[in-house]
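Participant: Residue numbers (the working numbering), protein chains in the order written: chain A, 588 to 797; chain B, 588 to 797.
Sending over a structure as C-alpha cells; questions will come in a sec.
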DNA sequence: CTCATCCCGTACGTTGACGTATGGAAACGA
DNA sequence: TCGTTTCCATACGTCAACGTACGGGATGAG
C-alpha cells in the first residue's frame, strides 16, 4: 500500500514529490465533492463512480475513507495558506495589502463554498481541527496587517475580526440568497463601501473608545 | 396516520391547535439534531433512540423522514419570522429598531448554529427553499429599516447587506474559532464598534459615492 | 520469455438507516 | 365489561456504503 511515496512513473527528476499522483487526484475529487455535497459526499463508491473506476482502485491508494479525508484536508490547508499569501506578501504598504486580501477573498466563489462546507462539517474532529487552524491563521494575519496600519492591539483585534466576519458573511449571503447579493456595478459600490468602512486610511481618523 | 389534527388529549379547548403535540416534539428534536449534527443527523432511528422510543412511534406520527424534515423546517421558519419581529416592531425609532435587531442576532448562539447548519444543507431542495426565504426576509426587513433612516434605495441595500453579512459572519467566526472571538468587555467594545460603523446615526453624515 | 510488482475489477460479508407489517398495551366511550 | 382507538415495540426486507479477499491484466526488469 502506498499512501506516501513510491516513485510515480511520471514526473521523474524532482524526487521531492512525496505523494503519488493518483492520491492527489482522489483528494482533489474529494474536495470537489465536499464543496457541493458536504462531508457525506466524500464517499468512496460515489467518488469512484465519478472518476470512472471502482473501489478496488481507491483501496489500493488509501487504507480507508478517513485517510482520504485527511489527505483532502491537508491539501486544502496547503492551498489555503499558500494562496492566502500569494500576491499579498509582495505588497509592502499595509493598506494595499489588506485591500489585496479582500479582493482575493471575494474573487474565488468556489473557495468560499469549500470553506463553508468544511466549516459546516466541523463536528468531525479532524475537519474541525483544520478549520480552526485555517481560520485562526487568517484572523491572525489580518490582525497583523491592521497593527501595521498603526492600530493598537485591541483595535486591531476588533477591526480584523470585524472585517473577517464581514467577508465570511458575504460568502454565506452570496451562497444562500444569490439574487439578493449585489452584482456588477452595485457590487463595485458595495466593495468600495466595505473597503472605506473597514480599513482606515493611513492618514485617516483613528477611533478609540467613545 | 395523523400528521395534521386529531384532538390531542391535553390542551383542549383551543381547537386552533393544528399539529399534534408529539409531532412538534419530533420536529423540535429534529431541529436540535440539525443544529449539532447537520442534516444527516435528522435520522429516524437515532432520533428515536434519543427520545427513548423506537421507529414504531415515529412512523405513526410521520409517513417518512422527509415529512419530519418538512415539519421541522416549518417550525424553524415560524420561529425565525416570529422571533425576528418580537421586541422589534414596538420600537418606533428606526435607529433603535436596528440596534434591537443586532442585539437579538448576537444573543442567541443556538439559533445561529441552527441557521448555519441549515444553510450548509441548502443542497437539499426543501431546505434551500426555506433558507432562501428566511434569509431574503431578513434582508428585506433590514433594508426597510435602513430606508427608514433616510438612506436612498441603493445605499439602504448596500448597508443592509453589509450589516447582515457581518452578523452572519460573526456567527460563523464565533462557531469556527470561539477562542478568537471577543468576549465580555472586548465583546461590548466590538459590538459598539460594529454599531457605530454599520448604522449611521440619524443626524450623522450620509455618504454617497466617492 | 519469465516473473514480480503495480493498479484495478469483482465478489463477498457487515453495518446502519429507511420503510412496512403486525402485535399489543393502555385509555376511553358505550 | 367490551370493543375501539391511540400509541408504540418487534421483526422483517431493502439499500447503500464501508472494508476485505482475491483475481487478473499490464508493464518493466532480468
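Ideal Cβ placement from N, Cα and C applies to all residues, glycine included.
Alpha carbons only, please: which of A:728, A:762, A:747 and A:765 is nearest the one belonging to residue 757 (chain B)?
Facilitator: Position 170 of the second chain, counted from the first residue, corresponds to residue 757 (chain B). Of the listed residues, the one whose Cα sits closest to residue 757 (chain B) is A:747.
Participant: Which chain B residues sit within Cβ distance under 8 Å of residue 753 (chain A)?
Facilitator: Indexing the first chain from 1 puts residue 753 (chain A) at position 166. Here the neighbours are 749, 752, 753 and 756.
Participant: So that I know if they touch, is there some Cβ in chain A lying closer than 7 Å to that of residue 759 (chain B)?
Facilitator: On the second chain, position 172 is the one that residue 759 (chain B) refers to. So yes, residue 759 (chain B) belongs to the interface.
Participant: To the nearest angstrom, report how far apart residue 625 (chain B) and residue 687 (chain A) are at their CA atoms.
Facilitator: Mapped onto the second chain, residue 625 (chain B) falls at position 38. Mapped onto the first chain, residue 687 (chain A) falls at position 100. Cα to Cα, residue 625 (chain B) sits roughly 34 Å from residue 687 (chain A).
Participant: Under 7 Å between the Cβ atoms of residue 620 (chain A) and residue 628 (chain A)?
Facilitator: As a position in the first chain, residue 620 (chain A) is number 33, starting the count at 1. As a position in the first chain, residue 628 (chain A) is number 41, starting the count at 1. Yes, they are a contact pair.
Participant: Which of the three DSSP states is assigned to residue 604 (chain B) in this structure?
Facilitator: Mapped onto the second chain, residue 604 (chain B) falls at position 17. Unreliable positioning characterises residue 604 (chain B) in this predicted model, as indicated by a pLDDT of 32, which lies under 50. A coordinate reading is not provided.
Participant: Note down the Cα distance separating residue 731 (chain A) from residue 694 (chain B), rounded to an integer number of angstroms.
Facilitator: As a first step, residue 731 (chain A) is located in the first chain; it is residue number 144 there, counting from the start. As a first step, residue 694 (chain B) is located in the second chain; it is residue number 107 there, counting from the start. If I take the Cα positions, the gap works out to 29 Å.
Participant: Just curious, the alpha helix (DSSP H) that residue 763 (chain B) is in, first and last residue?
Facilitator: Along the second chain, one-based indexing puts residue 763 (chain B) at 176. Per DSSP, residue 763 (chain B) belongs to the alpha helix (DSSP H) from 740-763.
Participant: Touching or not, the stretch 731-745 of chain A and the stretch 666-685 of chain A, by the rule of three or more beta carbon pairs under 8 Å?
Facilitator: The answer is yes - the stretch 666-685 of chain A touches the stretch 731-745 of chain A, with three or more Cβ pairs under 8 Å.
Participant: Pairing CB atoms from the stretch 757-769 of chain B with CB atoms from the stretch 698-718 of chain A, are three or more of them under 8 Å?
Facilitator: Touching, yes, given that three or more Cβ pairs across the two stretches are closer than 8 Å.
Participant: Cα separation between residue 672 (chain B) and residue 728 (chain B)?
Facilitator: Here residue 672 (chain B) corresponds to residue number 85 of the second chain, with the count starting at 1. Here residue 728 (chain B) corresponds to residue number 141 of the second chain, with the count starting at 1. About 10 Å.
Participant: Expressed to the nearest angstrom, what Euclidean distance is found between the alpha-carbon atoms of residue 773 (chain A) and residue 654 (chain A)?
Facilitator: To locate residue 773 (chain A), count along the first chain from 1; it is residue 186. To locate residue 654 (chain A), count along the first chain from 1; it is residue 67. One C-alpha to the other measures close to 44 Å.
Participant: Go to residue 720 (chain A), then tell me how far its alpha helix (DSSP H) extends in each direction, as first and last residue.
Facilitator: Counting from one through the first chain, the residue named residue 720 (chain A) turns up at place 133. It spans 712-735 - the alpha helix (DSSP H) in which residue 720 (chain A) sits, taken as one unbroken run.
Participant: Alpha carbon to alpha carbon, how far is residue 788 (chain B) from residue 674 (chain B)? Give it in angstroms, no decimals.
Facilitator: On the second chain, residue 674 (chain B) is found 87 positions in, with the first residue counted as 1. On the second chain, residue 788 (chain B) is found 201 positions in, with the first residue counted as 1. Taking the straight line from one Cα to the other gives about 21 Å.
Participant: Going along chain A in order, which residues have a C-beta closer than 7 Å to the C-beta of residue 706 (chain B)?
Facilitator: Taking the first residue of the second chain as 1, we reach residue 706 (chain B) at position 119. By Cβ distance, chain A contributes 759 and 763.
Participant: Between residue 659 (chain A) and the ligand ATP, is there a pair consisting of the residue's CB and a ligand heavy atom that are separated by less than 6 Å?
Facilitator: Absence of the ligand ATP from the depicted structure is noted, as is the absence of any ligand whatsoever, leaving it without description.
Participant: Consider the Cβ of residue 800 (chain A): report whether some Cβ of chain B lies at a distance smaller than 7 Å.
Facilitator: Outside the displayed span of chain A (588 to 797) sits residue 800 (chain A), for which this structure offers no information.
Participant: Assuming residue 689 (chain A) contacts residue 754 (chain A) under a Cβ cut-off of 8 Å, what Cβ separation, rounded to an integer in Å, is found between them?
Facilitator: Translated into the one-based positions of the first chain, residue 689 (chain A) becomes position 102. Translated into the one-based positions of the first chain, residue 754 (chain A) becomes position 167. Correct: roughly 7 Å between the Cβ atoms.
Participant: Could you spell out where the alpha helix (DSSP H) holding residue 677 (chain A) opens and where it closes?
Facilitator: Here residue 677 (chain A) corresponds to residue number 90 of the first chain, with the count starting at 1. Here residue 677 (chain A) belongs to no alpha helix (DSSP H), and DSSP marks it neither H nor E.
Participant: For chain B, find out if any of its Cβ atoms is closer than 7 Å to the Cβ of residue 619 (chain A); answer yes or no.
Facilitator: Residue mapping note: residue 619 (chain A) aligns to position 32 of the first chain, counting from 1. It does not: the Cβ of residue 619 (chain A) has no partner Cβ on chain B nearer than 7 Å.
Participant: Closer than 9 Å, Cβ to any Cβ of chain B: which residues of the stretch 619-633 of chain A, in chain order?
Facilitator: Listed by position along the chain: 623, 624, 625, 626, 627 and 628.
Participant: Over the uninterrupted alpha helix (DSSP H) stretch that includes residue 626 (chain B), give me the two end residues.
Facilitator: If you number the second chain from 1, residue 626 (chain B) lands on position 39. Per DSSP, residue 626 (chain B) belongs to no alpha helix (DSSP H) and is neither H nor E.
Participant: Mapping the DSSP letters down to three states, classify residue 633 (chain B) as helix, strand or coil.
Facilitator: Position 46 of the second chain, counted from the start, is the residue given in the question as residue 633 (chain B). Helix.
Participant: Between residue 667 (chain B) and the rest of its own chain, which residues show a CB-CB distance below 6 Å, the 5 nearest in sequence each way excluded?
Facilitator: Position 80 of the second chain, counted from the start, is the residue given in the question as residue 667 (chain B). So the qualifying residues of the chain are 721.
Participant: Relative to the C-alpha of residue 661 (chain A), which candidate in A:714, A:696, A:785 and A:775 has its C-alpha closest?
Facilitator: What you label residue 661 (chain A) is simply residue 74 of the first chain in a count that begins at 1. Out of A:714, A:696, A:785 and A:775, A:714 has the C-alpha closest to the C-alpha of residue 661 (chain A).
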